[in-house]
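Trainee: Residues in the sequence shown are numbered from 169 upward in steps of one, following this note's numbering. Even for Gly, the Cβ is constructed at its ideal location relative to N, Cα and C. Since we're looking at a predicted model, the values are computed, not measured. Attaching a single structure in structure tokens format; questions to follow.
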Amino acid sequence: MDVSQTAEVRETIRDMYNEILQEESVVLGRRERDALFEQIVAEILGLGPLEPLLADDSITEIMVNGPKKIYIERKGRIRRVNITFESDEHLMRIIERIVAPLGRRIDESSPTVDARLKDGSRVNAVIPPISLIGPVLTIRKFSKDPLTVEDLIRFGSVTEESMEFMRSTVIAALNIIVSGGTGSGKTTFLNVLSSYIPSEERIVTIENAAELQLRQEHVVTLESRPPNVEGKGEVSIRDLVINSLRMRPDRIIVGECRGGEALDMLQAMNTGHEGSMTTAHANNTRDTLARLETMVMMAGMELPQRAIREQVASAIDLIVQLARFRDGSRRIVAITEIQGMEGDVITTADIFKFQHSGYEDGKVIGSLRPTGIRPKFMSKIEESGIRLPPSIFGVAQSRRF
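See the structure below:
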């Protein structure tokens with residue numbers, strides 16, 4: 169339903185609403201009258217009780233644990249709100265309203281689903297018999313205005329120096345992995361990094377649910393598809409990565425590597441698609457390398473461990489590690505160069521490292537600082553016409569994986 173149709177339906181509802189109030193001789197104050205009308209409209213056109221939460225830009229996540237328990241995340245903190253659904257059936261109607269336009273289904277034979285709202289917000293739903301507390305709905309909201317580099321610096325997530333360095337690595341077409349735990353801000357940071365990609369380059373993005381909000385003009389967005397009722401028609405991330413190689417991309421951006429597509433991504437990075445990026449779930453840089461190895465093995469290829477590590481070491485230039493702290497803040501904790509192989513070992517060196525200074529009023533105190541190591545790929549950055557001041561860097565030893 170487009171904007172004009174929505175406005176038309178809304179006016180029709182208003183006319184009927186006013187008629188019913190008049191016929192039933194219901195006396196309401198102006199504020200109560202408007203609030204009741206908005207609730208009715210939300211039930212018919214929107215997502216019912218969730219509409220005011222979706223409209224609140226300060227809320228970043230909505231968690232519905234059955235019809236009577238709704239939690240939100242605001243500024244990194246989770247709390248319960250005084251909003252409920254009438255019943256399991258009421259909540260199920262809202263879930264079906266979300267997934268139906270996307271061609272997805274959710275029922276007893278397929279009790280979980282990933283979907284997205286019109287604004288790109290990520291949605292996950294789980295229903296009985298898998299869930300024992302009734303339908304469970306989780307919405308990761310997307311900001312109407314994507315966060316910028318300036319926003320991240322203002323929040324203390326990064327420093328100007330580190331982002332100037334990251335800008336140079338993106339322009340110089342280095343291959344980058346953004347890693348971190350759940351909710352650490354990987355997709356948000358990947359989105360910020362992608363803003364540095366030159367506008368004349370052709371970008372292909374591949375995601376399970378389209379979340380990236382690239383500003384460039386020449387962008388092709390691909391989204392995976394689950395199997396249909398008969399179990400056919402599935403298009404996996406791996407299928408899309410393989411297909412994207414035939415689409416003449418300058419850069420490939422995979423929203424998240426979770427399985428065998430990691431092998432195809434590494435091969436793409438090694439065969440001319442430099443400047444590609446992806447995210448991975450990992451708690452630190454070493455975990456990221458270990459997970460990459462595991463995901464390559466999931467592709468079903470009987471490759472020796474050394475061959476996998478050589479692929480990783482030659483394909484990946486940089487790993488950016490994010491973390492979510494106890495105070496709810498999300499920060500870059502390491503920017504690490506992949507230096508190459510020594511024997512059977514991948515060697516790495518931290519270019520920037522977060523230095524924790526303690527806590528003050530419940531907030532984490534610390535900053536991302538240079539380690540003093542000058543990356544080996546600096547010549548590639550300089551070839552792209554960028555001159556970074558020596559003050560960005562400082563002397564630490566490279567460490568092994």
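Counting only runs that start and end within the region 296-378, where is the alpha helix (DSSP H) found for 4 or more residues in a row?
Mentor: List check, alpha helix (DSSP H) in window: 317-323, 328-339 and 354-362.
Trainee: Rounded to whole angstroms, what's the CA-CA distance from Ile-484 to Asn-359? Just pull it up for me.
Mentor: Residue numbering aside, residue 484 sits at position 316 when the sequence shown is read from its first letter. Residue numbering aside, residue 359 sits at position 191 when the sequence shown is read from its first letter. Between Ile-484 and Asn-359, the C-alpha separation is close to 19 Å.
Trainee: If I'm right that Ile-339 touches Pro-297 with Cβ under 8 Å, what's the distance once you round it to whole angstroms?
Mentor: Stepping through the sequence shown from its first residue, residue 339 is reached at position 171. Stepping through the sequence shown from its first residue, residue 297 is reached at position 129. No, Ile-339 and Pro-297 are not in contact; Cβ-Cβ is about 51 Å, not under 8 Å.
Trainee: If I measure Cβ to Cβ from Ile-549 and keep anything under 6 Å in the same chain, skipping five residues before and after, which residues do I get?
Mentor: Along the sequence shown, one-based indexing puts residue 549 at 381. Closer than 6 Å at Cβ, skipping near neighbours: Ser-336 and Ala-340.
Trainee: Leu-215 lies in the beta strand (DSSP E); which residues open and close that run?
Mentor: Counted from its first residue, the sequence shown places residue 215 at position 47. Careful: Leu-215 lies outside any beta strand (DSSP E) and carries neither H nor E.
Trainee: Would you check if the region 245-262 and the region 218-236 touch, i.e. whether three or more CB-CB distances between them fall below 8 Å?
Mentor: Output reads yes: the region 245-262 touches the region 218-236.
Trainee: How many whole angstroms separate the CB atoms of Asp-512 and Arg-477, which I take to be in contact at a CB cut-off of 8 Å?
Mentor: Locating residue 512 in the sequence shown gives position 344, where the first residue counts as 1. Locating residue 477 in the sequence shown gives position 309, where the first residue counts as 1. Indeed, because the Cβ distance is near 7 Å, the residues count as touching under 8 Å.
Trainee: List the DSSP bridge partners of His-524.
Mentor: Position 356 of the sequence shown, counted from the start, is the residue given in the question as residue 524. Bridge partners of His-524: Gly-534.
Trainee: What are the start and end residues of the alpha helix (DSSP H) that includes Arg-411?
Mentor: Sequence index remark: in the sequence shown, residue 411 carries index 243 (1-based). The sequence as given places Asn at residue 411; Arg does not occur at that position. Asn-411 -> alpha helix (DSSP H) spans 405-412.
Trainee: What is the rounded straight-line gap between the Cα of Arg-542 and the Cα of Met-445?
Mentor: Along the sequence shown, read from residue 1 onward, the residue named residue 542 stands at position 374. Along the sequence shown, read from residue 1 onward, the residue named residue 445 stands at position 277. Cα to Cα, the separation comes out at about 22 Å.
Trainee: Would you mind sorting Arg-406 into buried or exposed? The rule is 16 or more other CB atoms within 10 Å of its CB.
Mentor: Here residue 406 corresponds to residue number 238 of the sequence shown, with the count starting at 1. It counts as buried.
Trainee: Smallest Cα separation from Leu-189: which of Gly-428, Phe-205 and Val-372?
Mentor: For the purposes of this step, residue 189 is taken as the residue at position 21 of the sequence shown. Among Gly-428, Phe-205 and Val-372, the Cα nearest to that of Leu-189 belongs to Phe-205.
Trainee: Measuring straight from C-alpha to C-alpha, what distance separates Arg-459 and Ala-430?
Mentor: The residue labelled residue 459 in the question sits at position 291 within the sequence shown. The residue labelled residue 430 in the question sits at position 262 within the sequence shown. Approximately 10 Å between the Cα atoms of the pair.
Trainee: For Asp-518, tell me which candidate among Glu-505, Glu-229, Ile-227 and Glu-528 has the shortest Cα-Cα distance.
Mentor: For the purposes of this step, residue 518 is identified with residue 350 of the sequence shown, where counting begins at 1. Minimum Cα distance to Asp-518 is reached at Glu-505.
Trainee: Is Tyr-239 near the ligand PLP - that is, is its Cβ less than 8 Å away from at least one heavy atom of it?
Mentor: No copy of the ligand PLP occurs in the structure displayed, which carries no ligand at all.
Trainee: Would you mind sorting Gln-133 into buried or exposed? The rule is 16 or more other CB atoms within 10 Å of its CB.
Mentor: A question about residue 133 goes unanswered here, because the residues of the chain that appear run from 169 up to 569.
Trainee: From this set, Phe-310, Leu-536 and Met-465, which residue's C-alpha is nearest Gln-489's C-alpha?
Mentor: What you label residue 489 is simply residue 321 of the sequence shown in a count that begins at 1. Closest by alpha carbon: Leu-536.
Trainee: According to DSSP, is Glu-470 helix, strand or coil?
Mentor: For the purposes of this step, residue 470 is taken as the residue at position 302 of the sequence shown. Coil.
Trainee: If I measure Cβ to Cβ from Glu-442 and keep anything under 6 Å in the same chain, skipping five residues before and after, which residues do I get?
Mentor: Taking the first residue of the sequence shown as 1, we reach residue 442 at position 274. Within the same chain, Glu-442 has close Cβ partners Ala-341.
Trainee: At 4 residues or longer, and completely inside the region 448-512: list those alpha helix (DSSP H) runs for me, N to C.
Mentor: Runs found: 453-465 and 473-483.
Trainee: Quick one: what does DSSP say Arg-567 is sitting in, helix, strand or coil?
Mentor: Along the sequence shown, read from residue 1 onward, the residue named residue 567 stands at position 399. Residue placement at Arg-567 is poorly supported in this model, since its pLDDT is 46, which falls under 50; the coordinates are not used for a value here.
Trainee: Just to confirm, are Leu-222 and Val-249 a CB contact at a threshold of 9 Å?
Mentor: The residue you call residue 222 lines up with position 54 of the sequence shown. The residue you call residue 249 lines up with position 81 of the sequence shown. It is not a contact, given that the beta carbons lie outside the stated cut-off.
Trainee: Answer yes or no: do Gly-427 and Asn-376 have a C-beta to C-beta separation smaller than 9 Å?
Mentor: In the sequence shown, residue 427 corresponds to position 259, counting from 1. In the sequence shown, residue 376 corresponds to position 208, counting from 1. No, they are not a contact pair.
Trainee: Compare the Cα-Cα distances from Arg-201 to each of Leu-215, Asn-186 and Glu-191 and report the closest residue.
Mentor: Locating residue 201 in the sequence shown gives position 33, counting from the first residue. Looking at the Cα atoms, Asn-186 is the closest of the given residues.
Trainee: Can you name the start and end residues of the beta strand (DSSP E) that Arg-284 belongs to?
Mentor: What you label residue 284 is simply residue 116 of the sequence shown in a count that begins at 1. Run containing Arg-284: 280-284, per the beta strand (DSSP E) assignment.
Trainee: To which residues of the same chain is Phe-493 closer than 6 Å at the C-beta, ignoring the five residues directly before and after it?
Mentor: As a working note, residue 493 is residue 325 in the sequence shown. Val-532.
Trainee: If you compare alpha carbons, which of Asp-183, Glu-369 and Lys-312 is closest to Thr-356?
Mentor: Along the sequence shown, one-based indexing puts residue 356 at 188. Comparing Cα positions, the closest option is Lys-312.
Trainee: Is it true that the CB of Ile-421 sits closer than 9 Å to the CB of Ile-345?
Mentor: The residue labelled residue 345 in the question sits at position 177 within the sequence shown. The residue labelled residue 421 in the question sits at position 253 within the sequence shown. For Ile-345 and Ile-421, no; Cβs fall outside 9 Å.
Trainee: Does any residue of chain D bring its CB to less than 9 Å from the CB of Gly-534?
Mentor: No chain D appears in the structure shown, which is made up of a single protein chain.
Trainee: Taking 8 Å as the threshold, find out whether the region 300-319 comes into contact with the region 395-405 through three or more Cβ pairs.
Mentor: Cβ pair count under 8 Å is below three, so no.
Trainee: Between which two residues does the alpha helix (DSSP H) harbouring Glu-429 extend?
Mentor: One-based indexing of the sequence shown puts residue 429 at position 261. Start and end: 429-438.
Trainee: Check the DSSP bridge columns for Arg-393 and list the partner residues they point to.
Mentor: For this step, residue 393 is matched to residue 225 along the sequence shown. DSSP, once it has assigned bridges, lists Val-403 as partnering Arg-393.
Trainee: Can you give me the C-alpha to C-alpha distance between Ile-475 and Thr-447, rounded to a whole angstrom?
Mentor: Numbered from its first residue, the sequence shown carries residue 475 at position 307. Numbered from its first residue, the sequence shown carries residue 447 at position 279. Here residue 475 turns out to be Ala, not Ile, going by the sequence shown. Cα to Cα, Ala-475 sits roughly 22 Å from Thr-447.
Trainee: From what residue to what residue does the beta strand (DSSP E) around Val-570 run?
Mentor: Residue 570 is absent from the structure shown; the chain starts at 169 and stops at 569.
Trainee: Quick one: using the 10 Å Cβ neighbour count with 16 as the cut-off for buried, is Ser-547 buried or exposed?
Mentor: On the sequence shown, residue 547 is found 379 positions in, with the first residue counted as 1. With fewer than 16 other Cβ atoms within 10 Å, it is exposed.
Trainee: Can you check DSSP and say which residues form a bridge with Glu-229?
Mentor: In the sequence shown, residue 229 corresponds to position 61, counting from 1. Glu-241 and Arg-308, per the DSSP bridge assignment.
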